[in-house]
Structure formats: structure tokens, C-alpha cells
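Chemist: To start, I am sharing the structure in question, which I have written as C-alpha cells.
There are 2 protein chains.
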Amino acid sequence: MSRPHFTPLVERLPATIPFVSPEQQQRALGRPFSARLGANENVFGPSPRALAAMAQALPECWMYADAEHRELREALAAKHGVPFENIIVGEGVDGLLGLLARVLVSEGTPVVTSNGAYPTFNYHVASFGGRLVKVPYRDDHEDPDALLAAAAREAAPLVYIANPDNPMGTWWPASKMQAMIAAMPSDSVLCLDEAYIEFAPEGTAPEIDPEDPRVVRMRTFSKAYGMAGMRVGYAIATKRMIAAFNKVKNHFGMNRIGLVGAAASLADADWIPQIRARVEAARGRIGEIAEKNGLSALPSATNFVAVDCGRDGDFAKAVLSALIERGVFVRMPFVEPENRCIRVSAGTPEMLDAFETALPQALAEAAAALESAEA
Amino acid sequence: MSRPHFTPLVERLPATIPFVSPEQQQRALGRPFSARLGANENVFGPSPRALAAMAQALPECWMYADAEHRELREALAAKHGVPFENIIVGEGVDGLLGLLARVLVSEGTPVVTSNGAYPTFNYHVASFGGRLVKVPYRDDHEDPDALLAAAAREAAPLVYIANPDNPMGTWWPASKMQAMIAAMPSDSVLCLDEAYIEFAPEGTAPEIDPEDPRVVRMRTFSKAYGMAGMRVGYAIATKRMIAAFNKVKNHFGMNRIGLVGAAASLADADWIPQIRARVEAARGRIGEIAEKNGLSALPSATNFVAVDCGRDGDFAKAVLSALIERGVFVRMPFVEPENRCIRVSAGTPEMLDAFETALPQALAEAAAALESAEA
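Sequence lines, in order, name chains A and B. Numbered according to this note's numbering, the first sequence spans residues 3 to 377. Numbered according to this note's numbering, the second sequence spans residues 3 to 377.
This is how it looks when you write it as C-alpha cells:
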């Protein structure tokens, strides 16, 4: 018996997931990682005030969360100087990307992104039957001009860009993003994923005009705020867009304790500057380790560094595998030529010690493996 | 400017949410409720072992959760005697109902449920364009025979029943449910929502055959396990069904701390019997309060009691409004004749004191209001 029939779209979709989680890899490896540097989590964790607020709220977890998420939305509204009605909270940016795809994408809808950009966006678009149109990176940057040209050519209602970018860590100044928003084709909306914005230099985020229908901004508590496991992201968009999300979303999907932690994080003005400093130090150390091994690190406005392994994707893949074998979890870009790099998250000094120890061994093993394959 | 264009389905959907949360009602009221008895939350909270495990895990919330949720799934597999591959974890039953609708429902797909049953199921079905076919309750029970007949007549791929039922609290023995599963039309699947099963008498849950394609079982940590705010539910279904869910779900949507708490709850074998005893005592007290006011309480296999207010829906609505005005949050069924009742969750003694104080006043006020309206 193989009933019931799934929808034609679901029948057709491949079995795929955007990322294999480090826990899955640890089970395959048979032992825990010593350095968790692959998922761009914030190893420095949440603000102590957020931790204290969440611990205090735990006994109240028998209650569903407020379906309007009013307290957090009002705190975010105050932070960004926008009405709370222009803010929607979701289960991480991933959950919100799913909603965005759902309200805009039907079978065959063209959607524009960069080849090698965030795969979870692609996953959601494909799961609603969208047709992905991908433009190449240029000089390790997502290319706003190419994205705009593809959007116009395809009459795509949805375009994705991350600024700063993941997986390369590169970024554009606010002026470039503002120009991109202004040049968006009519009937099209830019998904501006600013998950890493708190790590970027001042002047990277364009001003927020919440009623500009050309853009939806995505932000998260998973990166700088150190709460990836609590699943709290938000979008800033027109009230019309948020009304569309509200027609289809799971209204009782948010974790009550995560909402408390997010609001407490915002109230701790000292925390983000401390995190920025620690992440900057870690990025510097990753650069030094790369250089000591004859590799180069790309400049980064995020909490990770793309390390150019100096050869092709096969070599970088071999380096990555050898690092993982040594308990150092990292990831890498999916496509050429960005896949000459491995992507290393800003770790604690101890984690970066492990990376420093493993990298020369991994490079040697990768070089030997490729030579032996070529021989 | 009103761009972009949403999908035709989204454009057509009404702005609706399945429930107004008590926090929204409190904001409208301008003060907090003294008794939170409307959302069938478990006021007795989670197991102390779950609370301790979650508190201990909080500092690790910088990490995303395992995308496979393996630890919890293996614990559930052991509890239910099924392979972990037949279990999927989601953001509460609500999240899983959304996935179930998504993989089975296209525009115009007929879906069968009872008129007045769980509105969130209806919400998700409608949001994918499904056509709801509703059969009446019979004697305050969902009616398996009528549901089966409608499913066969409409060739519906999806049928919903909750056992025990919400909002009436009534239930069928396992034998009746087993017969319903056996009688499901081919190409159709029964969504058997067992959110309240831990409160029901032994012999209410039919045996679990995880590879039976005729049924998907929904369970939750939101009710007996007292963790509604952590958002952890699960479904037991065929591997084929779970593979379909995995094609479309948000793989990184679960809260890491919620997963820890759920696993710890399962390990605390003493907790559920204690909760059952406290809930049973609270149900008894609600019955006494009803009787003292000349009302009758329906028998219940859940953590709530439907109190028959003895007149029509307008009267029960007036009673509910007067209770809310007095700080006692309750809800009520949506349709006739079940809407002669109000639905009161098993509360703490203090909450039920508040209910006991407010009920006679609310009844008097409702009677006076209706008389004045009729005059």
C-alpha cells in the first residue's frame, strides 16, 4: 500500500535538506567535534541578561507564546524606529524565508538569486515550485547589477541577496544596496538578508523605510545575539506583506522562552559591542593561521572567514574532509570558483587552537590525496 | 504602490487566525487575567526534571538544534515501540498539521472534519486551498461513521479526528478508533490527533502500527507534559509520509532547549501520573462548581471540561464574556449545539477559586443581559 497521493508538486520534489547538521556529522564520525566552526553560530553565546531572563521565564513555559509577539515587536520597533506593525517574528530567518516564498511563489515562478548563495532560500523556493534563476558571484561578491538584470529579464517577483554575504563574508556599502533597492523592477521585491549585519562596518545597512514595497529585510537573533538554538528571527516589511504572511503562518509556532531572551538581548546595549570585538579578534586569528599555512583569508564583515585554499574545489573539499576527520567542523561554498575556499566561523581561542593544529595536517593530507589520485 | 503580486491563493485567503491569544485579550482588557483557563495549557507545568535539564542546557542555546532531532526521536521510539524513522518532530501539533495539509492538499482538495473541531487544522487546510467538508458532532462526540461516509463520498485524501476530542472533551474507546482506521477509504489518510491522550482512560489509544498508511498520529508535549511554550510536537506515520514532510519542512525550525526538555520529560516516569491526578481533581472541582450553579459538566478525557450552560450559544457567549471581564479566561465551542457550553481548563486551586467566584456573577449578568435584549 502506498496511499495516500501527495500533491503533484510534493511527489516531484527531491528528498533534500539544505544543510547536514553537525550532530549528524558527529554521529557519522562516531565522536564529538572539538571545534564547532561550521554553522556560523556565535560561540560566545547570548548576553548574560538574556540567559538570566530565559532561566527566569522557564517555569512559565507551560503557556503558549503571545500569538502577536507584541513585546518583542515593540522592542524591535523602538530599536529600528519603525511601527511594530511592520515587523513580523518567525522561527529564524529560515522560517521567514519559507513564508516569503509561500506568499510569492507558485509553480514556475522565476526567482533570482546568486549561484552559491544561501541554499535554504533555494530550498523553500523550490518547495513551492519556483524556478531558480542564478547569476554568478563577481570577485567573491554577490552582484547586484547582475541580479537586477536577471530580475528584469525574467520578470521575477522575488530576488535574494545577503549583505553581508554568506558564504564569502563579503559586503557592499549601504549606498550600493540602496541603489539596488531603488532599481528593483516594478512588481518585484528584494529579500535583503541581513543576518550578519551586526558584524559589518557602520554604513553597511541601508536605511529602513518599512513601507517601501521593494524590499523585505531579514534579521535574526541567531548570529550576533548568540541564540541560534532559540529560533527567533524577524522581518521588516510593508504592512501589506506582513498581512500576507499572517494569512498562512503558524501563529502559535514561536517559543515563549526564545521571545523573552530576544527582548532581553535587545535591552543589553553593551553586549553587541563586546561580541563584535571578540569576533573581530577571532577573524584576525583565522587570518593569521591561514597566512602561516600559505593561504589567504578573504576580508569579512561577518562572524566567519572564507579561507582561500589556493587551489580548486576538489582540494578545498579534501582539506575540509581532513579537518572534519580531525574533529574540526567547518563548511565550504558549494560552487566554483568560490569553492576554492573553506568557511571558518569565529571560534573561541580553544576552538581556533584546534583549527590551528589541524590545518597543516589537513593541507598535507589533502595535497597527498590529490597527488595520489592524479598519479 | 501595491506590488508585489502574491500568489492567487494568498490573494484570495481571508485575514484570519485560528485563535486570539490570551495576551491579546489581556491587552484589550487592560489588565492581566487572574485565571488562565482558556487555552487548555497545563497549569501544573513541566516535570521538574525537564525544567532542570532545560535550565542546564540554556547556555548551549547558541547552537542550532540537531536537524534530525535524533535524541528525542529515539526516546519516543523506545516509548512507543516503533522505529525512530517513523517519528517526526515539529513545532507543536499545529506545525505538523500545516505540513500534513501541505503534502496532501492542493487547490480544491476535499478534506473532511467535524463542524466545530480544531480550527487550526481548518486554517492550514484552507491556506493550501483545500475545500473543507464538515460533518456534525453527534451527542457531543465527533462521529467516526459520518466522517468515514463523507470521506468516501468526497474521495477525500485527508480526514481529521481528535480522540479525545477538543472542544468537548469526549472520547471513543480504542476499538472504535481502530475500526475507523480499518474502514478508511483507500487513498485516504486519517489524521488522528491525540494531543490529550495522556489524560484519557487506559484503552483510549488504538495500537500504533507505524507503517499503516491509513493513519498519521499526532502527539504533543504541550498538554500533559506542560511545555506548550516550548513548541514540541510529534507525528508517528509511515516512513513514506515522513519523507514527504521532510521534502518541505523547515529543517532548522526546532528550539534546541525544547528538545532537551521533551527528552527529559520522557525520562521522568513519575510525572504524568501526578499530572493525571491533579487534572482529575481539577476536573472534579469544575464539575462541582458547575453543579452548584445549576449547570452540568460533560464527562471529559482531557485537561478541560465543557460546562453546559443550559441555554443557547448566545447565553454561553454572554457567560464567557462576563467571565473574561472578571479576569477569568475561558473559551467555548464555535458551533451549535456545542456552543451551549463554555470550555474550562483544569486550573490550579487558586485559578478555580477565581472561576468559582466569578461564575455565579457571570451567569446572573448573562441572564440579565439576555432578558434586557429580549425586552
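Glycine included, each C-beta is placed from N, C-alpha and C at the ideal position.
#1: Using a Cβ cut-off of 7 Å (strictly closer), state whether D96 (chain A) contacts chain B.
#2: Once you ignore the five residues that flank E209 (chain A) on each side, which residues in its own chain have a CB closer than 8 Å to its CB?
#3: State yes or no: is the beta carbon of E43 (chain A) nearer than 7 Å to at least one beta carbon in chain B?
#4: Closer than 8 Å, Cβ to any Cβ of chain B: which residues of the segment 251-275 of chain A, in chain order?
#5: Please decide whether S108 (chain A) counts as near chain B, where near means a Cβ-Cβ distance under 7 Å.
#6: Where does P112 (chain B) sit, in a helix, a strand or coil, going by DSSP?
#7: Given that V1 (chain A) touches chain B, what residues does it touch there, using C-beta distances under 7 Å?
#8: Look at the alpha carbon of I90 (chain B) and the alpha carbon of L300 (chain A), and state the distance between them as a whole number of angstroms.
#9: Determine, for G228 (chain A), whether the minimum Cβ-Cβ distance to residues of chain B falls below 7 Å.
#10: Quick check on the burial criterion: 16 or more other C-beta atoms within 10 angstroms. Buried or exposed for R14 (chain A)?
#11: Counting along the chain, where does the beta strand (DSSP E) carrying L101 (chain A) start and finish?
#12: Anything in the segment 46-67 of chain B with a Cβ closer than 8 Å to a Cβ of chain C? List those residues in chain order, please.
#13: Suppose you measure from the CA of E156 (chain A) to the CA of L192 (chain A); what does that come to, to the nearest Å?
#14: Three or more C-beta pairs under 8 Å: does that hold for the segment 41-53 of chain B against the segment 258-278 of chain B?
#15: I'd like to check one pair, T222 (chain A) with G231 (chain A): are the Cβ atoms closer than 7 Å?
#16: Excluding the 5 residues preceding and the 5 following G110 (chain B) in the sequence, name in chain order all residues of the same chain whose CB lies nearer than 7 Å to its CB.
#17: So T222 (chain B) is in the beta strand (DSSP E); what residue range does that whole segment cover?
#18: Would you verify that the beta carbon of P121 (chain B) is, or is not, closer than 7 Å to some beta carbon of chain A?
#19: Could you tell me which residues DSSP pairs with F331 (chain A) in its beta bridges?
#20: Residues bridged to S374 (chain A) by DSSP?
#21: Any chance the segment 290-305 of chain B sits against the segment 358-367 of chain B, with 3 or more Cβ pairs inside 8 Å?
#22: Report back the beta-carbon spacing between W64 (chain B) and M353 (chain A) to the nearest angstrom; my notes put them in contact at under 8 Å.
#23: Against chain B, which members of the segment 170-195 of chain A pass a CB distance test of less than 7 Å?
#24: What are the boundary residues of the alpha helix (DSSP H) that F8 (chain B) is part of?
#25: Please state whether DSSP places L300 (chain B) in a helix, a strand or coil.
#26: Check L134 (chain A) in the structure and name its three-state DSSP category.
#27: Should E282 (chain A) be flagged as near chain B, meaning a C-beta pair shorter than 7 Å?
#28: Please determine if the segment 331-338 of chain A and the segment 70-80 of chain A are in contact, where contact requires at least 3 C-beta pairs separated by less than 8 Å.
#29: Where in the segment 187-256 of chain B do unbroken runs of the alpha helix (DSSP H), each at least 4 residues long, occur, reported from the N-terminal end onward?
#30: Inspect the CB distances between the segment 80-88 of chain A and the segment 278-293 of chain A and report whether three or more fall short of 8 Å.
#31: Can you tell me whether E87 (chain B) is buried or exposed, with buried defined as 16 or more other CB within 10 angstroms of its CB?
#32: Quick check: the Cα distance between A59 (chain B) and V262 (chain B), rounded to an integer number of angstroms?
#33: Quick check on this structure: which residue in B:Y162, B:A284, B:I326 has the alpha carbon closest to the alpha carbon of Q28 (chain B)?
#34: Distance check for N248 (chain B) and L11 (chain A), CA to CA, integer angstroms please.
Modeler: Let me spell this out:
#1: It does: the Cβ of D96 (chain A) has a partner Cβ on chain B nearer than 7 Å.
#2: Excluding positions up to five away in sequence, the list reads A176, Q180.
#3: It does: the Cβ of E43 (chain A) has a partner Cβ on chain B nearer than 7 Å.
#4: Only those residues of the segment 251-275 of chain A whose C-beta falls short of 8 Å from the nearest C-beta of chain B are listed: N252, H253, F254, G255, M256, N257, R258, I259, G260, G263.
#5: Interface residue, yes.
#6: P112 (chain B): strand per DSSP, three-state reduction.
#7: Nothing in the structure corresponds to residue 1 (chain A), since chain A is present only between 3 and 377.
#8: The alpha-carbon of I90 (chain B) is positioned some 40 Å away from that of L300 (chain A).
#9: It does; some Cβ of chain B falls within 7 Å.
#10: Its Cβ having fewer than 16 others within 10 Å, R14 (chain A) is exposed.
#11: DSSP places L101 (chain A) outside any beta strand (DSSP E); the residue lies instead in the alpha helix (DSSP H), whose first and last residues are 94-106.
#12: Absence of chain C from the displayed structure is noted, the protein chains being A and B.
#13: Roughly 14 Å separates the two Cα atoms.
#14: Yes, they touch.
#15: It is not a contact, given that the beta carbons lie outside the stated cut-off.
#16: Excluding residues within five positions, the ones whose Cβ falls inside 7 Å are G131, R133.
#17: Taken as a continuous stretch (DSSP letters only), the beta strand (DSSP E) holding T222 (chain B) covers 217-222.
#18: Put simply, the CB of P121 (chain B) is far from chain A, with every gap to its CB atoms at 7 Å or more.
#19: The beta-bridge partner set that DSSP reports for F331 (chain A) consists of A:R38.
#20: Per DSSP, none; premise fails for S374 (chain A).
#21: Flag = yes, the segment 290-305 of chain B and the segment 358-367 of chain B touch.
#22: No, W64 (chain B) and M353 (chain A) are not in contact; Cβ-Cβ is about 12 Å, not under 8 Å.
#23: Considering only beta carbons, the part of the segment 170-195 of chain A lying closer than 7 Å to chain B consists of S188, D189, S190, V191, in chain order.
#24: Taken as a continuous stretch (DSSP letters only), F8 (chain B) belongs to no alpha helix (DSSP H), as it is neither H nor E.
#25: Looking at L300 (chain B) - three-state DSSP - the assignment turns out to be coil, as it is neither helix nor strand.
#26: DSSP places L134 (chain A) in the strand class (E or B) of the three-state scheme.
#27: E282 (chain A) does not count as touching chain B.
#28: No: fewer than three Cβ pairs fall under 8 Å.
#29: Residue ranges of uninterrupted alpha helix (DSSP H) with 4 or more members, entirely inside the segment 187-256 of chain B and ordered along the chain, are 241-250.
#30: Put simply, the segment 80-88 of chain A does not touch the segment 278-293 of chain A. Fewer than three CB pairs are less than 8 Å apart.
#31: Exposed: under 16 other Cβ atoms inside 10 Å.
#32: Just so you know, the alpha carbons of A59 (chain B) and V262 (chain B) end up roughly 7 Å apart.
#33: The option with the nearest alpha carbon to Q28 (chain B) is B:I326.
#34: Between L11 (chain A) and N248 (chain B), the C-alpha separation is close to 14 Å.
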